[in-house]
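With mature numbering (1 follows the signal peptide of the UniProt record, and there is no 0) applied, the sequence shown covers -25 to -1, 1 to 492.
Each residue gets a CB set at the ideal place from its N, CA and C atoms; glycine is no exception.
Model, not experiment: these values are computed from the prediction.
Each remark here refers to the structure printed beneath this line.
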Amino acid sequence: MDVPLALPFATLVVVLLLSSGPIAAEVDATAVLGEAVLTLDAGNFSEVVAKHEFIVVEFYAPWCGHCKELAPEYEKAASMLRKRDPPVVLAKVDAYDESNKELKDKYKVHGYPAIKIIRKGGSDVSAYGGPRDAEGIVEYLTRQVGPASLEIRSAVDASRSIGDKGVVLVGVFPEFAGIQYENFMAVANKMRTDYDFFHTSDASILPRGDLTVKGPLLRLFKPFDELFVDSQDFDDDAIKKFIEVSGFPTVVTFDADPTNHKFIERYYSTPSAKAMLFLRFSDDRVETFKSQMHEAARQLSGNNISFLIGDVSTADRAFEYFGLKESDVPLLLVLASTGKYLNPTMEPDQLIPWMKQYIYGNLTPYVKSEPIPKVNDQPVKVVVADNIDEIVFNSGKNVLLEFYAPWCGHCRKLAPILEEVAVSLQDDEDVVIAKMDGTANDIPTDFAVEGYPALYFYSSSGGDLLTYDGQRTAKELISFIKKNRGAKAAAVEVTQTDAVEEEVTSSTPSGSIQDEL
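Structure below.
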């Protein structure tokens, strides 16, 4: 699987959150799940899915650490769920197997494990948004297979249903009929994988809000910000917008809590500047920092900035991707179209003044780059952010450049092939084969990198960058280079008078890494 940098649907990626890379886990990579979980592939997938009104499918990769962790819990849940009446079927597909590539693409699998809830014989597909432990899986799927909204009949029901974790929607209706009730149930059915829906005819049993209302009324309970919000607009689109806006936190929390996953996904896929504060949640100043972030979000709400606070113990992949060091925390990072801005080892009272300096345009962007190699004499040349102009754009040569990630399986598979290409063409002084670690260097905006590995070609004649999308064989790569190479030309001379500085900016969060989830 090529590792996507964009979050196409605001995935259950919580990519930066849950990625661990293809690690060498203690569990045998060839281990298979037990009999309770069905094994599907391209040959039997359609037939099996068509037979089930409701089926859950895990798309996994054999090397994926999180898939291995999930396996025994998934198996245990499958054993429990198949005893229900009617039984709930759990299945798995090896999405890393090339023979299942069409299934992976059809179901938009961008990271591992990806769990899909498939209803109505395959016509209705949604992402699984629940826990990863057996009991949590069973509880979540039991709700999914039942009615989209459950009736709350007592204060005990309400207390049990409306907790302090996720967002919960409760419709208050004088009677369970009419257009408002029907619209509510329709939206509940569409959004049930992400939110819990309930309905009642007695508002007095609810834990918060006006207890005397008769409805129709929609009350959204949440464990953040103002704790509950009411709406009386029961148009389909209005209900969805109300849930999406009122059910999203002012400041997103980046941690391992599954209830925060959908917020993190949406945060990184929203087209806005990103202000991210990373610190250790064990820091005795954490509540002060949180208060300052909320106040910054309030004061700067008109500047198209999204705010997030993250625990470094969970955000290690984010630190790797953004080129940060744990020794720099508490650290405030802003990612914007103008670049990346850092404020390391900061104090709480510095947060808002520094953010205002960013808004006023008084901060200098930070460019992440590995050191320029002192020796660069291997067949495949090493490119970093600080020498990419010299090697790629100003060398006057035909350059094939790979962007890779150290943890990317396909990149490791491509490495010896690139080496073979470089050795084959090493006597051609007008051709350069090069590579750049996209996780350790900011990628210039000239390159629309959407996955690892990504291959680009720049001709000695200049012109547009070409993306290589062909087969990753030495023969095909060499053929592509020979076909698109330019005429022999001298290296471009960059003088003080005609030099154009290329500003290297970081990838935005809509280009966040996603490996396994």
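When DSSP labels each residue in this structure, what does residue i get in the three-state scheme?
i           : result
Arg183      : coil
Glu377      : strand
Ser257      : coil
Met321      : coil
Tyr243      : helix
Tyr333      : helix
Tyr35       : strand
Asp232      : coil
Tyr103      : coil
Ala109      : helix
Ile363      : helix
Ala11       : coil
Glu114      : helix
Ala466      : The pLDDT assigned to Ala466 is 45, lower than 50, so where the model puts this residue is not dependable; a value taken from the coordinates is nonetheless given after this. Of the three classes helix, strand and coil, the one that applies to Ala466 here is coil, per DSSP.
Leu56       : helix
residue 517 : For the chain, the structure presents residues -25 to 492; residue 517 sits outside this window and is missing.
Ser129      : coil
Val342      : coil
Ser98       : coil
Phe29       : strand
Gly18       : coil
Ile327      : helix
Please report the distance separating the alpha-carbon of residue i from that of residue j.
i      : j      : result
Asp303 : Pro319 : 5 Å
Pro348 : Gly426 : 25 Å
Gly96  : His174 : 28 Å
Tyr35  : Lys215 : 31 Å
Ile92  : Pro191 : 31 Å
Gly105 : Tyr87  : 15 Å
Glu201 : Arg273 : 13 Å
Arg59  : Ser206 : 37 Å
Ala109 : Tyr341 : 44 Å
Leu400 : Leu440 : 20 Å
Tyr103 : Leu144 : 19 Å
Ser281 : Ser454 : 46 Å
Ile284 : Tyr170 : 23 Å
Asp177 : Phe223 : 26 Å
Ser344 : Leu317 : 14 Å
Ala271 : Val398 : 55 Å
Leu45  : Lys372 : 49 Å
His269 : Val226 : 6 Å
Phe148 : Glu301 : 51 Å
Lys356 : Ile363 : 11 Å
Gln325 : Val358 : 36 Å
Leu181 : Ser124 : 16 Å
Arg167 : Gln119 : 7 Å
Ser312 : Ala248 : 7 Å
Ala380 : Met411 : 9 Å
Glu322 : Leu308 : 14 Å
Thr14  : Val32  : 9 Å
Return the Cβ separation of residue i and residue j in integer angstroms, given the expectation that the two are a contact with Cβ distance under 8 Å.
i      : j      : result
Lys140 : Thr234 : 5 Å
Phe20  : Leu78  : 6 Å
Ala52  : Ile90  : Between Ile90 and Ala52 the Cβ distance is about 11 Å, and since that is not below 8 Å, they are no contact.
Leu195 : Phe203 : 6 Å
Lys197 : Val142 : 5 Å
Glu377 : Leu393 : 6 Å
Ala11  : Glu50  : 6 Å
Ser370 : Val407 : 7 Å
Given that a residue counts as buried once 16 or more other Cβ atoms are within 10 Å of its Cβ, and exposed if not, what is residue i?
i      : result
Glu262 : exposed
Val287 : buried
Ile456 : buried
Asp417 : buried
Ser460 : The residue you asked about is not Ser; residue 460 is Arg in the sequence shown. Buried, because 16 or more other Cβ atoms sit within 10 Å of the Cβ of Arg460.
Thr117 : exposed
Asp69  : buried
Ala66  : buried
Gly413 : buried
Pro428 : buried
Arg292 : buried
Pro305 : buried
Val350 : exposed
Thr187 : exposed
Asn158 : buried
Val63  : buried
Open item on the list: Going residue by residue through the stretch 65 to 91, where are the continuous beta strand (DSSP E) segments of at least 3 residues, counting only ones entirely within it?
Closed with: The stretch 65 to 91 contains no whole beta strand (DSSP E) run of 3 or more residues.
Open item on the list: Runs of 4 residues minimum, wholly inside the stretch 371 to 418: which ones carry the alpha helix (DSSP H) assignment?
Closed with: Listed in chain order, the complete alpha helix (DSSP H) runs (minimum 4 residues) inside the stretch 371 to 418 are 384 to 399.
Task: Contained alpha helix (DSSP H) runs [length at least 4] in the stretch 148 to 216, N- to C-terminal order - done: 154 to 166, all fully within the stretch 148 to 216.
Task: Length at least 4, wholly inside the stretch 248 to 311: the alpha helix (DSSP H) runs in chain order - done: Fully enclosed alpha helix (DSSP H) runs of 4 or longer: 261 to 274 and 291 to 297.
Task: Ranges of the beta strand (DSSP E) found wholly within the stretch 426 to 464, counting only runs of at least 3 - done: Correct list: 429 to 433 and 441 to 443.
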